[in-house]
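Have a look at the structure below before the remarks.
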Amino acid sequence: MTHLAAEIEQPDVDALRAQGLDDATISDAIQVVAYFNYVTRVADGVGIDDEPEWQAADPAR
Numbered sequence: 003m004t005h006l007a008a009e010i011e012q013p014d015v016d017a018l019r020a021q022g023l024d025d026a027t028i029s030d031a032i033q034v035v036a037y038f039n040y041v042t043r044v045a046d047g048v049g050i051d052d053e054p055e056w057q058a059a060d061p062a063r
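Start counting the sequence shown at 3; every next residue gets the next number (this note's numbering).
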């Protein structure tokens, strides 16, 4: 959903249902992914740096 949101189609939803997810759970997942994508883009846009402890845990950042 993050990279190809416009390409999500019914078979993608059907695959989630086949794994036992109901419509409410699928909707919750969509909301969480969308929110984190939004927040990340805002943070990147205004130049917010990572937390120092994140870089200490992963020096490749």
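In this text, a Cβ means the ideal position worked out from N, Cα and C, and glycines have one as well.
Per DSSP, D52 lies in no alpha helix (DSSP H) segment and is marked neither H nor E. In the structure shown, Q12 adopts helical secondary structure according to DSSP, grouped into three states. Between Y40 and I50, the alpha-carbon positions lie close to 14 Å from each other. When secondary structure is reduced to three states using DSSP, A20 falls in the helix class.
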